[in-house]
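K.L.:
Quick note on numbering: the sequence shown equals residues 129 to 234 in the working numbering.
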Amino acid sequence: GVSLNPSTPAHAIECVLDQVDLILVMSVNPGFGGQSFIENQLEKIHTLRTMIGNRPIELEVDGGINAENASRIVDAGADVLVAGSAVFSGGDYAANIRAIRTAVGC
Numbered sequence: 129g130v131s132l133n134p135s136t137p138a139h140a141i142e143c144v145l146d147q148v149d150l151i152l153v154m155s156v157n158p159g160f161g162g163q164s165f166i167e168n169q170l171e172k173i174h175t176l177r178t179m180i181g182n183r184p185i186e187l188e189v190d191g192g193i194n195a196e197n198a199s200r201i202v203d204a205g206a207d208v209l210v211a212g213s214a215v216f217s218g219g220d221y222a223a224n225i226r227a228i229r230t231a232v233g234c
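1. State the start and end residues of the unbroken alpha helix (DSSP H) segment that holds glutamate 186.
2. Pick out whichever of Gly162, Ala140, Gly233, Leu132 has its Cα sitting closest to the Cα of isoleucine 151.
3. For glutamine 147, count neighbouring C-beta atoms within 10 Å of its own C-beta (all shown protein chains included) and say buried if the count is 16 or more, exposed if not.
4. Just the C-alpha distance for serine 213 and phenylalanine 165, rounded to the nearest angstrom, thanks.
5. Looking at the secondary structure, which residues open and close the alpha helix (DSSP H) in which isoleucine 228 lies?
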């Protein structure tokens, strides 16, 4: 797989698309949890989904995921959502997971 930080453009990985099975979009600047989702990453996710086409590549998004933005992220093209703080900072982990799943129609 390959990972893209928020400042790395989608086109930076064009040359390796046929060699990876996973693309991770960091939607916060790496370093610590609890950051807010960087909204301009939605466009990058959509661009990557288009670039992937019918290749067998999963598109994963990590950072600032919660029940309020999860559906927009999936709609942009994400296959996998990583939701650390949204799950573990609220006490009722099962309810937090359920809220995210409900938001994306799972």
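Glycine included, each C-beta is placed from N, C-alpha and C at the ideal position.
P.N.:
Answer, in terms of the structure:
1. Taken as a continuous stretch (DSSP letters only), glutamate 186 belongs to no alpha helix (DSSP H), being part of the beta strand (DSSP E) at 186 to 190.
2. Leu132
3. exposed
4. 12 Å
5. 221 to 231
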